[in-house]
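**Q** Dropping the structure in here first, questions after.
In the UniProt record's numbering, the protein residues as written are 1 to 384.
As structure tokens, this is what we get:
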């Protein structure tokens with residue numbers, strides 16, 4: 001069970017399903033607009049979902065819970081499911097489009113063909129790897145396939161997939177804020193960046209995801225920062241987001257890469273070594289660990305201070321120069337600067353630098369999407 005809903009195993013029509021107990025719906029889902037809608041939601045079962053999959057696409061080979069239902073970072077507004085259908089399908093499964101998604105009662109379902117799902121699994125796609133790591137109560141119908149049962153983590157592919165996903169999602173967070181003008185969804189995408197890297201680290205270290213809630217503290221920090229700093233759809237405010245979080249993004253990438261390298265050494269039979277090992281250049285760019293003074297307000301910053309639930313007292317280290325400031329101080333400084341945002345002490349860039357065009361093209365190619373730029377929609381993977 002989770003803190004948001006109750007799940008219990010049952011058996012209907014000769015196959016195991018997970019029954020969603022709608023007596024908790026008032027705490028989980030928005031209230032339906034009418035009594036008839038509420039009745040329809042309450043009466044919708046997972047058997048109904050399977051029947052709809054088989055009516056529209058073909059034989060259902062697998063069905064898994066997904067999205068916020070399994071991560072527990074917030075109350076879900078719906079219940080995400082991932083369905084896998086055997087081939088030949090009744091109609092083409094256009095993955096990552098609304099054509100391969102449907103809503104039934106409280107359930108939002110994304111549909112994949114068996115061959116596509118297995119191919120993405122072999123490419124170490126986090127969406128598929130998440131399915132294989134789920135506790136039994138979140139698996140409605142497991143995919144029966146030796147390629148899933150006998151899967152071994154390919155560390156090279158995992159590293160490529162996780163970093164690609166994280167960089168793409170970081171760019172999407174900026175797009176959602178500036179183009180879609182939606183600060184809340186932007187904050188969710190920034191949080192997804194950290195969740196992706198945390199889940200990738202667990203896969204590298206353990207071969208599976210062992211703690212789905214390990215990144216949830218990032219949601220509290222990020223959501224709190226957006227709310228407290230009143231992040232708006234303006235370039236200056238995205239600069240604020242970069243200033244306070246790009247350094248943490250960089251550090252989590254390094255942490256993930258260290259886990260991958262330790263797993264490689266272990267596979268070669270070498271000593272695993274420390275969990276964290278940066279080269280000299282990276283160490284020089286890491287924020288100082290000594291007591292210092294905020295260059296804006298001049299108040300003392302203790303070495304132990306960092307990102308805190310109370311954004312007003314939080315401290316961040318800038319990604320490139322490493323100077324440490326109070327979050328509120330760097331936000332005020334960035335918003336007051338005319339022109340390009342920069343560190344108030346050294347005028348260094350606040351931006352995390354990577355090849356953005358390559359990051360977008362690489363991730364869209366990895367997903368099998370042939371469009372230019374981040375998509376506004378798409379499948380609901382670990383980043384939902």
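C-beta: ideal position from N, C-alpha, C; glycine also.
Just so it is clear, the structure is predicted and the values come from calculations on it, not from any experiment.
(1) In the DSSP assignment, find the beta strand (DSSP E) that holds residue 224 and state where it starts and stops.
(2) Tell me whether residue 388 is buried or exposed, calling it buried when 16 or more other Cβ atoms sit within 10 Å of its Cβ.
(3) Going by C-alpha distance, which of 297, 151 and 167 is nearest residue 130?
(4) Can you check whether the CB of residue 118 is closer than 7 Å to the CB of residue 153?
(5) What number of angstroms, rounded off, separates the C-alpha of residue 233 from the C-alpha of residue 318?
(6) For residue 113 versus residue 139, is the C-beta distance shorter than 7 Å?
(7) To the nearest angstrom, report how far apart residue 88 and residue 58 are at their CA atoms.
(8) Please identify the residue among 315, 125, 341 and 222 whose C-alpha is closest to the C-alpha of residue 164.
(9) In chain order, what residues of the same chain have a beta carbon less than 6 Å from the beta carbon of residue 108, not counting five sequence neighbours either side?
(10) Flag this pair as touching only if the segment 230–249 and the segment 182–192 have three or more C-beta atom pairs under 8 Å; answer yes or no.
(11) Roughly how many whole angstroms lie between the Cα atoms of residue 299 and residue 228?
(12) Once you ignore the five residues that flank residue 301 on each side, which residues in its own chain have a CB closer than 6 Å to its CB?
(13) Below 8 Å, how does it come out for the segment 157–175 and the segment 87–101: are there three or more Cβ pairs, yes or no?
(14) Return the CA-CA distance between residue 174 and residue 238, expressed in angstroms with no decimal places.
(15) Give a yes or no on whether the C-beta atoms belonging to residue 343 and residue 321 are separated by under 7 Å.
(16) My output table needs one value for residue 349: the three-state DSSP class, helix, strand or coil.
(17) In three-state DSSP terms, what is residue 103?
(18) If we count Cβ pairs, one from each stretch, closer than 8 Å, do we get three or more for the segment 195–210 versus the segment 255–264?
(19) When DSSP labels each residue in this structure, what does residue 177 get in the three-state scheme?
(20) Once the 5 residues before and after residue 339 are set aside, which same chain residues still bring their CB inside 8 Å of it?
(21) Pop quiz: residue 222 and residue 190 are said to be a contact at Cβ under 8 Å. What is the actual Cβ separation, rounded to whole angstroms?
(22) For residue 386, name the three-state secondary structure that DSSP assigns.
(23) For residue 141, which three-state DSSP category applies?
(24) Does the distance from the CB of residue 212 to the CB of residue 252 come in under 7 Å?
(25) Quick check on the DSSP output: the alpha helix (DSSP H) that includes residue 182 runs from which residue to which?
(26) Apart from the five residues just before and just after residue 82, which ones in its own chain have a Cβ nearer than 6 Å to its Cβ?
(27) Which residues bound the alpha helix (DSSP H) around residue 298?
(28) Identify every residue that forms a DSSP beta bridge with residue 324.
(29) Roughly how many angstroms separate the alpha carbons of residue 361 and residue 367, rounded to a whole number?
(30) Any idea if residue 281 is buried or exposed, counting beta-carbon neighbours within 10 angstroms, 16 or more meaning buried?
(31) Cβ atoms of residue 128 and residue 121: under 7 Å apart, would you say?
(32) Can the beta-carbon of residue 49 be found closer than 7 Å to that of residue 104?
(33) Inspect the beta-carbon positions of residue 261 and residue 350 and report whether they are closer than 7 Å.
(34) Which partner residues does residue 80 have in the DSSP bridge list?
(35) Can you name the residues that DSSP bridges to residue 85?
**A** With the given structure in hand:
(1) From DSSP, residue 224 is part of no beta strand (DSSP E) but of the alpha helix (DSSP H) over 216–228.
(2) The chain is shown from 1 up to 384; residue 388 falls before or after that span and cannot be answered.
(3) Distances from the alpha-carbon of residue 130 to those of 297, 151 and 167 put 151 closest.
(4) Contact: no.
(5) Roughly 22 Å separates the two Cα atoms.
(6) Their beta carbons are not under 7 Å apart, which means residue 113 does not touch residue 139 by this criterion.
(7) Rounded to the nearest angstrom, the gap between the Cα atoms of residue 88 and residue 58 is 8 Å.
(8) Of the candidates 315, 125, 341 and 222, the one whose C-alpha sits nearest the C-alpha of residue 164 is 125.
(9) Once the five neighbours on either side are set aside, the close Cβ partners of residue 108 are 78 and 80.
(10) Using a Cβ-Cβ distance cut-off of 8 Å, the segment 230–249 and the segment 182–192 are in contact, since at least three pairs of beta carbons, one from each stretch, lie closer than that value.
(11) Roughly 21 Å between the two C-alpha positions.
(12) Shown here for residue 301: same chain residues with a beta carbon closer than 6 Å to its own, the five before and five after excluded, namely 292, 294, 315 and 324 in chain order.
(13) Below 8 Å, too few C-beta pairs join the segment 157–175 and the segment 87–101 to call them touching: fewer than three.
(14) Answer to the nearest angstrom: the Cα atoms are 7 Å apart.
(15) Yes; because the gap between Cβ atoms is below 7 Å, this pair is in contact.
(16) Residue 349: strand per DSSP, three-state reduction.
(17) DSSP places residue 103 in strand when its eight states are reduced to three.
(18) Taking a cut-off of 8 Å for Cβ pairs, the segment 195–210 and the segment 255–264 touch, as three or more such pairs fall below it.
(19) Three-state result, residue 177: helix.
(20) Cβ neighbours of residue 339 beyond the five flanking positions: none.
(21) That pair is a contact at about 5 Å.
(22) Since the displayed the chain opens at 1 and closes at 384, residue 386 lies outside it and no answer follows.
(23) Looking at residue 141 - three-state DSSP - the assignment turns out to be strand.
(24) Taking 7 Å as the cut-off, the beta carbon of residue 212 is found no closer than this to the beta carbon of residue 252.
(25) No alpha helix (DSSP H) holds residue 182; DSSP gives it neither H nor E.
(26) If we look at residue 82 and ignore the five residues flanking it on each side, its Cβ neighbours are 64, 66 and 110.
(27) Taken as a continuous stretch (DSSP letters only), residue 298 belongs to no alpha helix (DSSP H), as it is neither H nor E.
(28) DSSP output for residue 324 lists 317 as bridge partner(s).
(29) Put simply, the backbone Cα of residue 361 is about 10 Å away from that of residue 367.
(30) Legend: pLDDT at residue 281 = 44, less than 50; position of this residue unreliable, value from coordinates given subsequently. Counting Cβ neighbours within 10 Å, residue 281 comes out exposed, since fewer than 16 surround it.
(31) It is a contact, given that the beta carbons lie within the stated cut-off.
(32) With contacts defined by Cβ atoms closer than 7 Å, residue 49 and residue 104 form a contacting pair.
(33) Cβ atoms of residue 261 and residue 350: not closer than 7 Å.
(34) BP columns for residue 80 point to 66 and 108.
(35) Residue 85 pairs with 60 and 113.
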